[in-house]
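In this note's numbering, the protein residues as written are 12 to 107.
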Ligand SMILES: [Zn+2]
């Protein structure tokens, strides 16, 4: 099923869409700046015990231990399938 999209396209979606912008501005997932760090409401355990790593463009929840790349966070917050999430990211970004 993942063969529907090229590896390069998936890499671009995971790396060129800012995870912070995606969570705060596109998905409108509750988020805040706490002690200088961006924190978001974990869609799995509903805690703010989270952080993002701009270097790897991953969001992490320390509560449930889940790491989210942009595709994962769309799947979890919108209850989308992998394919729906990729299509959604293609729509909201200029990734081709
Ligand atoms: Zn969590």
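Where is the CB? At the ideal position from N, CA and C, for every residue including glycine.
Reduced DSSP secondary structure (H/G/I, E/B, other) of residue i
i	result
residue 61	strand
residue 43	strand
residue 69	strand
residue 78	strand
residue 99	helix
residue 93	helix
Whole-Å CB distance - residue i paired with residue j, under 8 Å assumed
i	j	result
residue 38	residue 85	7 Å
residue 54	residue 29	The pair is not a contact, with the Cβ atoms about 18 Å apart (cut-off 8 Å).
Interface flag, residue i vs chain C, CB-CB below 9 Å
i	result
residue 50	Any reference to chain C falls outside this structure, which holds one protein chain only.
Residue from the options with nearest C-alpha to residue i
i	options	result
residue 31	91, 41, 97	41
residue 21	77, 81, 89	81
9 Å Cβ cutoff met for residue i and residue j
i	j	result
residue 25	residue 64	no
residue 50	residue 59	yes
residue 27	residue 104	yes
residue 89	residue 83	no
residue 61	residue 47	no
Worksheet entry | Closer than 6 Å to ligand 1: residues, by C-beta to nearest heavy atom, in chain order | 53, 55, 56, 58, 72, 74, 75, 77
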